[in-house]
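Residue numbers (my numbering): 26 to 232.
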């Protein structure tokens, strides 16, 4: 088989893997009636992507996904509850800023927007930290926040890449069904894995 044919086969294989993983993510989110299924399914998706990035490209996708989904069901929903509460607070803050006037509201606009930005960027690190480290939820959130602060380049890469994915899906909606979640997870996990490796190298040099 020629190099071109090998590359085409490899590309087709990875396309099918990402589509399959995305369908698992959607399917298992629905199995948990979304409210209870979304966060375990998202953790399971990131666990599969992490394995791929670490070189374990031949893992059984369904087996890895399902075992993680079951094992992390309760813990991931605990994290999910915190994320939902923070999300509600952000929505209330935005409503407060947009619908109430006065000098006081104008004075606190910048702190509120900074909080929202920090919360969203921390969220990008939450699931990679979840699947990469064995941590309690409170330490998971703290480490995600600290990693976000010390890795501005990775933050920029994630945001730009996710915006590009968003616009592609916006103009070709069908791609979102097959690749929206899995491709976004791969972008986030790749940037975060780079951040993890940088942190590990710093620890080794200091030790």
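C-beta atoms are modelled at their ideal positions from N, C-alpha and C, and glycine is treated no differently. The model shown is predicted, which means the values in this text are computed figures rather than measured ones.
Put simply, of 74, 85, 80 the residue whose alpha carbon is nearest the alpha carbon of residue 212 is 74.
The shortest C-alpha to C-alpha distance from residue 103 to any of 122, 76, 142, 60 is the one to 60. Three or more Cβ pairs closer than 8 angstroms define a contact, and the stretch 109-116 falls short of that threshold against the stretch 77-86. Rounded to whole angstroms, residue 155 and residue 64 show a C-alpha spacing of 11 angstroms. Fully enclosed alpha helix (DSSP H) runs of no fewer than 4 residues occupy 162-175, 177-196 of the stretch 145-196, in order along the chain. Taking the Cα positions, residue 216 is about 10 angstroms away from residue 210. DSSP, read as helix, strand or coil, puts residue 198 in helix. One alpha carbon belongs to residue 159, the other to residue 55, and they sit about 27 angstroms apart. In this structure, residue 69 sits near residue 53, with a CB-CB distance shorter than 8 angstroms.
When rounded, the separation of the alpha-carbon atoms in residue 92 and residue 66 is 11 angstroms. The three-state reading of DSSP puts residue 85 in coil, since its state is none of H, G, I, E or B. For residue 97, there is no enclosing alpha helix (DSSP H), as DSSP marks it with neither H nor E.
Residue 188 and residue 148 have their C-alpha atoms roughly 16 angstroms apart. Taking the Cα positions, residue 79 is about 42 angstroms away from residue 120.
A direct Cα-Cα distance of roughly 22 angstroms separates residue 182 from residue 47. Comparing alpha carbon positions, the residue from 185, 207, 231 closest to residue 42 is 207.
Put simply, the backbone Cα of residue 97 is about 13 angstroms away from that of residue 157.
Across the structure, residue 176 and residue 219 are spaced so that their CA atoms are roughly 10 angstroms apart.
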